[in-house]
Amino acid sequence: MKDMTSVLKDRAVFAGWVAALALIAALLWSLSFSFRSDCLMRATNKILITMNDDRHLAAPVLRPVAGPAPLGCWYRLYESGSFFFVFAVMREGILVPCGAEISEEGKLVEIIPLGNHARQVMNQIPQGLIQVYVRRIESAAAAVIAAGPERGKK
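Residues 16 to 169 in this note's numbering are what the sequence shown spells out, letter by letter.
Below, the structure written as structure tokens:
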């Protein structure tokens, strides 16, 4: 039969490994922001070109909001003072990728479904759910605009 100290030691070593792996994952996630945002920007620009849309994302806005905000990435639109927010709407357990153009005043201009499946599903999403996303995006846009124009430059 094992004594109590060896059981506690084994559990402490296991907890240490779990904590170290969680710390490494958190560091990788936070340090890879620029790479992830650039990949998402290229993919979104390809989709916009495929849709014959004249909007193009120019640069990611670097960490605009410190507090709670909707999950997604903020970008500046090319040759415009507007912002573009790439996010996903959850619909029946499926993520629907969307983009939202935000005016310089922080008001939502348009929600754009990104992809064929997103265009098909967008009409089935209840308007109340869309309004929840609109309110969250506009409140986060106010924080992005308040952070100043220097935040949107690399």
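Ideal placement from N, C-alpha and C gives every residue a C-beta, glycine not left out.
Legend entry - Expected contact under 8 Å - CB spacing of Ala115 and Ile126 to nearest Å: Ile126 and Ala115 do touch by the CB rule: their CB atoms are close to 5 Å apart, below 8 Å.
Inset, instruction - Would you mind listing the alpha helix (DSSP H) stretches within the stretch 36 to 123 that are 4+ residues and don't spill past its ends, in chain order? - result: 48 to 65
Legend entry - Gly87 vs Phe98 beta-carbon contact at 8 Å: Contact flag unset, no.
Legend entry - Same chain, Cβ closer than 7 Å to Ala110, five either side skipped, listed in chain order: It is Leu, not Ala, that sits at residue 110 in the sequence shown. For Leu110, where only same-chain residues beyond five positions count, the Cβ hits under 7 Å are Ala103.
Inset, instruction - Could you tell me the distance, in whole angstroms, from the CA atom of Tyr175 to the CA atom of Pro75? - result: Only positions 16 to 169 of the chain appear in the structure, and residue 175 is not among them; the question remains open.
Inset, instruction - On a CA-only basis, which of Ala73, Phe48, Pro85, Val124 is nearest Val147? Give me that one, please. - result: Pro85
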